[in-house]
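Notes follow once the structure below has been shown.
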Amino acid sequence: MKARLGMSPIAWWNDDLAELSDDVSLEECLRQSRSAGFTGMEMGRRFPNDPNVMLPILKAADVTLCGGWFSGTLVDEDMARNKDRIQPMIDLFRAVNAPCIVYGEVGRSIQGDRSKPLATKPKLSDDEMKAYAKRLTEFGEWCAEQGMPLSYHHHMAAVVETEPELDAFMRYSGAGIPLLLDAGHLAFAGGDVLRAIDNHHKRISHVHVKDVRMGVIDKLDRTKQSFLDAVALGAFTVPGDGSLDFGAIVQRFADHGYEGWFVVEAEQDPKKNPPLKMAQVGHKELMRVMTAAGYTVETQGFPNA
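Throughout the sequence shown, residue numbering follows UniProt numbering, covering 1 to 305 in sequence.
So this is what it looks like as structure tokens:
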């Protein structure tokens, strides 16, 4: 089985909390990640939107674009508006041969609002979840028809956060909207990561290997503290530095025959946790557990062809 290891630039530049950003260029971010062993990088705010500009940068760094976040609003807004907003991203991702666009629902979400406590996260009724899942399936099918599949990201403080919400979304949606399984977000939400892999492995197309510090999470007052408060306190980290057993998690993916990207996404204070050092810690741990699970990790970055 083959696997590829990527990173998210959120370890270097945080889009929601500017104070948790390292003042490094895109080129330096890519250089550090590649030097740690990662061959892919998801898109961040310092990436150019012109493929003719992006491709030479990726080639020089020997890195491929392995995904990127789209802020979807289908829980509230209509299909046409979301299609208009995602079309330029589809065109860009096709031009640079990215594997997927990560769909993150921001409609009604409190993930970016530091004034909103975790306990006030939005909840959908069963009927609302059915209608929402149906729209996402249709939207995912349309994006795939345009040549760029989506991968749906369940997320803290959003309408699909908990394991029961994820189960409901998956039950009511169809194969047209694949799943991004994020170990850290699911653990933060109190879910069972291994059970979720067992239940939904047929639809999982992308994986975020985000670790958590349960000591930080367990001390949160969810009636007063927000998702961004938790991030600032250090709720997330890289594999090998947190509470999750990535040996068991990666083995479970292997058991179900998953092949594809495992992306480290670990937003934290770069002054306390230097991104290059954390990238090295994460890569070392992933290589250990990947080898044990029988994966061959691809070492080629930018394609030779």
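All C-beta atoms, glycine included, are put in the ideal place defined by N, C-alpha and C.
Every value quoted in this text rests on a predicted model; they were computed, and no experiment measured them.
If I'm right that residue i touches residue j with Cβ under 8 Å, what's the distance once you round it to whole angstroms?
i    : j    : result
K83  : W142 : 7 Å
R203 : A175 : 7 Å
T237 : A266 : 5 Å
G68  : A36  : Not really, about 20 Å apart at Cβ, beyond 8 Å.
V264 : A293 : Not quite, the Cβ-Cβ distance comes to about 16 Å (not below 8 Å), so this is no contact.
A187 : V216 : Contact flag wrong, Cβ pair sits at about 12 Å.
G6   : E42  : 6 Å
Excluding the 5 residues flanking residue i on each side, which residues of the same chain have their C-beta closer than 6 Å to its C-beta?
i    : result
S205 : S151 and P178
H200 : M170 and L179
A168 : M129
Y295 : M1 and A3
D192 : none
P239 : V209, D211, F246, G282, E285 and L286
L233 : V216
I86  : F70
For residue i, I'd like the list of residues in its chain whose CB is within less than 8 Å of its CB, leaving aside the five on either flank, ordered along the chain.
i    : result
R4   : T39, G40, C66, G260, W261, F262, V297 and E298
R34  : A61, D62, V63 and G301
N14  : L20, S21, V231 and E267
E163 : L186, A189, G190, G191, D192, R195 and A196
If we count the other Cβ atoms within 10 Å of its Cβ and call it buried at 16 or more, is residue i buried or exposed?
i           : result
residue 355 : The chain is shown from 1 up to 305; residue 355 falls before or after that span and cannot be answered.
A60         : exposed
K121        : buried
D198        : exposed
M79         : exposed
G72         : buried
H155        : buried
R81         : exposed
residue 349 : The question about residue 349 has no answer here: the residues shown for the chain are numbered 1 through 305.
Out of the options, state which residue places its alpha-carbon closest to the alpha-carbon of residue i.
i           : options                   : result
P9          : G44, H283, S173 and S109  : G44
E165        : L228, L276, S35 and G190  : G190
F139        : F253, L124 and I101       : I101
P56         : D76, G72 and L26          : L26
R46         : A11, G104, G240 and P239  : A11
S173        : Q32, T137, D15 and L228   : T137
residue 307 : L233, Y295, L186 and L30  : Examination of residue 307 is not possible in this model, given that the chain is present from 1 through 305 alone.
F302        : A18, V63, V264 and D15    : V63
N304        : E42, W13, D16 and L58     : L58
A144        : E163, Y103 and F188       : Y103
V231        : M7, R81 and L17           : L17
A248        : I217, E285, P149 and M148 : E285
D229        : D113, D15 and G184        : D113
A157        : L124, I86 and K134        : L124
V96         : L233, M148, G184 and W13  : M148
Excluding the 5 residues flanking residue i on each side, which residues of the same chain have their C-beta closer than 7 Å to its C-beta?
i    : result
Q146 : I90
R108 : V75, D76, P122 and V159
H153 : V102, Y103, G104, L180 and D182
E161 : K121, H154, H155 and A189
M214 : S243
Q32  : P275, L276 and A279
R135 : L74 and M79
Q111 : H155, M156, A157, A158 and F227
With 9 Å set as the bound, which would you pick, yes or no: does the beta-carbon of residue i sit closer than that to a beta-carbon of chain C?
i   : result
A60 : As a matter of chain content, chain C is missing from the structure shown, which is built from one protein chain.
Discussion item. Quick test of the definition: if touching needs 3 or more C-beta pairs under 8 Å, does the stretch 15–35 touch the stretch 261–271?
Written reply: yes
Worksheet entry | Stretch pair the stretch 212–227 + the stretch 113–126: three plus CB contacts closer than 8 Å | yes
Worksheet item: Just checking, does the stretch 241–253 make contact with the stretch 208–216 on the three C-beta pairs under 8 Å criterion?
Response: yes
Fill in: Three CB pairs or more closer than 8 Å across the stretch 88–101 and the stretch 47–58
yes
Worksheet item: Just checking, does the stretch 286–294 make contact with the stretch 125–137 on the three C-beta pairs under 8 Å criterion?
Response: no
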